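Under my numbering, the first residue of the sequence shown is numbered 41, with each subsequent residue one higher.
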Amino acid sequence: MNSSKTILSYLIIRITLFMSHLFGGISRSIYALRFTILLVPILLSACQYQRVSEPLQDYYYLNQDRDLSTVGRTALVELDNKSSYPQISPDVTEVLFQALQKRQPFGLAVVHRDNPAWRSLQLDMNWNYQTQNNALAVPPTYTLAQLAAIRKTLKCDAVLVGTISQFRPHPHMAIGLRLKLVDLRDGQLLWALEQVWDNSDKTTEYRIKDYFQYQKRSGYAPLREQLVTLSTLEFIKFVAYEVAETI
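Laid out in C-alpha cells, this is it:
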C-alpha cells in the first residue's frame with residue numbers, strides 16, 4: 041500500500057503542475073491545486089477498493105506439482121455439518137457442486153451420506169471418532185486401504201470431503217468451510233481450503249459487490265447485493281463461487 045501512496049503523491053504533483061501551466065501561470069495555480077484536491081478522495085477510494093476487493097489467497101492450498109485436469113472422476117461427498125443447522129448441508133453441497141461444474145476442473149459427481157455405497161464403507165464412523173476428539177472438526181484422514189476402498193466402491197479417482205464448521209443466518213450471515221481434495225490412487229493432498237465468510241466483514245462486503253458487478257454482469261447490482269444480506273442461498277452461491285475460483 042506504501043507504493044500506492046508514493047505513486048498517488050507523484051500523480052498529485054504532476055497534475056498540479058499540469059493544471060498550473062494550463063491555467064496560464066502561478067496566479068492561477070490556486071485553481072489547479074483546488075482541482076487536484078478534489079481528485080484525491082476519488083483516487084484514494086479507487087486505491088482502497090482495489091485493495092479490499094482482491095480475493096484472499098492465504099486460506100487454501102493447491103498442489104503445484106499436480107495438474108488437476110488429469111485427476112479424473114471425483115466424488116464430492118455431502119459435507120458433514122457441525123453447525124446448529126443440519127438442514128443446510130445438502131444445500132451447500134449442491135451449490136458447491138454447481139460452482140465447480142462451471143469451472144470444470146475435473147469430472148464431478150455428488151455422493152450423499154445416505155448413499156448405500158458410501159454407507160457400506162462405514163467411513164462415517166471414522167469421521168465421527170475423529171471429530172469427537174478434535175474440536176476443529178477437520179476433514180478426516182483416511183488410510184491408503186480406505187482410500188482404495190473408496191476408489192473401488194465409488195468408481196472414482198479422487199474424493200472431495202469436508203465439513204461446514206459453522207453457519208449463522210442472523211444477525212448477519214456467516215459460513216465456515218473446511219475442505220480437502222485427495223487423490224485416491226496415491227493418497228496425495230491435491231487441494232485444501234479453510235475459511236470463514238462473514239457478510240458483516242468489510243473485505244467480504246467488497247468482494248460480494250465485485251462478485252455481483254463483474255461476475256453476474258447485472259445492471260441491478262445494488263439490489264442483488266442487498267439480496268445477499270437477505271437470502272441464505274445467494275450468500276452460499278457467493279461462497280461457492282470463491283471456493284471454486286481457488287481450484
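Note that beta-carbon positions come from the ideal geometry of N, C-alpha and C, so glycine has one too.
Nothing here was measured: the structure is a model prediction, and the numbers come from that model.
| Asked | Found |
| --- | --- |
| Secondary structure of residue 240, DSSP reduced to three states | coil |
| Limits of the beta strand (DSSP E) - the one that residue 125 falls within | Premise fails: residue 125 is in no beta strand (DSSP E) and is neither H nor E. |
| Own chain partners of residue 117 with C-beta closer than 6 Å, once the 5 adjacent residues on each side are dropped | 151, 201 |
| Assigned exposure category for residue 285 - 16 Cβ within 10 Å defines buried | exposed |
| The region 128-148 contacting the region 200-217, beta-carbon criterion three pairs below 8 Å | yes |
| Where residue 142 sits in the DSSP three-state scheme | helix |
| Selected residue, minimal CA-CA separation from residue 10, among 115, 247, 274, 110 | Residue 10 falls outside the range modelled here, since the chain spans only 41 to 287, and no answer is possible. |
| Exposed unless 16 or more other CB atoms sit within 10 angstroms - verdict on residue 279 | buried |
| Exposed unless 16 or more other CB atoms sit within 10 angstroms - verdict on residue 273 | exposed |
| Test item: CB-CB of residue 187 and residue 147 under 7 Å | no |
| Under 7 Å between C-beta atoms of residue 191 and residue 229 | no |
| Burial state of residue 220 (16 or more Cβ within 10 Å) | buried |
| Residue 118 - DSSP class collapsed to helix/strand/coil | coil |
| Residue 232 versus residue 240 - alpha carbon distance | 25 Å |
| Short CB-CB distance (under 7 Å) between residue 283 and chain D | The structure shown contains no chain D; it is built from a single protein chain. |
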